[in-house]
Structures are given as structure tokens and as C-alpha cells.
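Here is the structure we will look at.
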Amino acid sequence: MSRSLKKGLYVDEKLLKKIQNLRAGDKTVIKTWARASSIAPEMVGFTIGVHNGRDHIPVFISEDMVGHKLGEFSPTRTFRGHGGRKAKEEAIAAATAEKAKQAQAETTLSSDKKE
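Position one of the sequence shown corresponds to residue 2 (the numbering used here), numbered consecutively onward.
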């Protein structure tokens, strides 16, 4: 369920003060831990360092991001892929089969040109 419109957007007050003190287009990164803060139109054009639990990820705010939360653009987990050794072996086998197919196609093209 989304937030009621009569309540308005939640924007961290300290973050808004920092943005108002800076000039638009200023390249300094504003660090924040307020991942739940919504992106307001006043934030467009600034770079905000959003904390992901370990370090601050710089996020350049554009007009398309207005209304979303800051935490959406700073992932907290890194996906390393499913599978282990077996998946890697299958990927390598598929790549070598593809290379062999391309090499065979090249040899047939070159033999057709010679004739």
C-alpha cells in the first residue's frame, strides 16, 4: 500500500537543508544515510551519496527519479549468479561450440570464394 497523498512525501530535513545550501550543478557529493527519503524536485541535478550498508554509492538525480526513494538506486546486495562449477563448465562448453561453428562457417565461405 502506498503512502497517503494528504501526508505528502517523506524527505529528510537535514538532507533538504544541505541541498538548499548548495548551488545547482555543484559537483560535491552529499552523503546521506536516509535511504527511505523520497526524491523531491529540488534534488534534481545534485549527486547524493546514498549509504548501502558498507559505503556511499554516488547517485546523480535526474527528473525521472522524482517520487522514488533514494534507497532504490543504491543496492545493498551484490548478485554473483546461480550455480557453481557445473554452470561454468556448461558456459565454457557452449562458448567453444559457438567458436567451432563460426570457424566452420568461415572455412566454407572461403572455400566458396576460391571456386
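Don't be surprised by glycine CBs; every beta carbon is placed ideally from N, CA and C.
Taking C-beta atoms as the reference points, Val67 and Ile40 count as a pair closer than 7 Å. Looking at the DSSP output, Ile49 shares a beta bridge with Ile31, Val60. Proximity of the region 50-59 to the region 17-31 meets the contact definition, three or more beta-carbon pairs being nearer than 8 Å.
Approximately 7 Å separates the beta-carbon atoms of Phe47 and Leu23; this is inside 8 Å, confirming the contact. In the three-state reduction of the DSSP assignment, Lys70 falls in the strand class.
Exposed is the label assigned to Leu6, since fewer than 16 other Cβ atoms lie within 10 Å of its Cβ. Leu16 places its beta carbon 7 Å or farther from that of Ala37. Note: Ser39 is bridge-paired with Lys70 in the DSSP secondary-structure output.
Ile20 counts as buried, since at least 16 other C-beta atoms from the protein chains shown sit within 10 angstroms of its C-beta.
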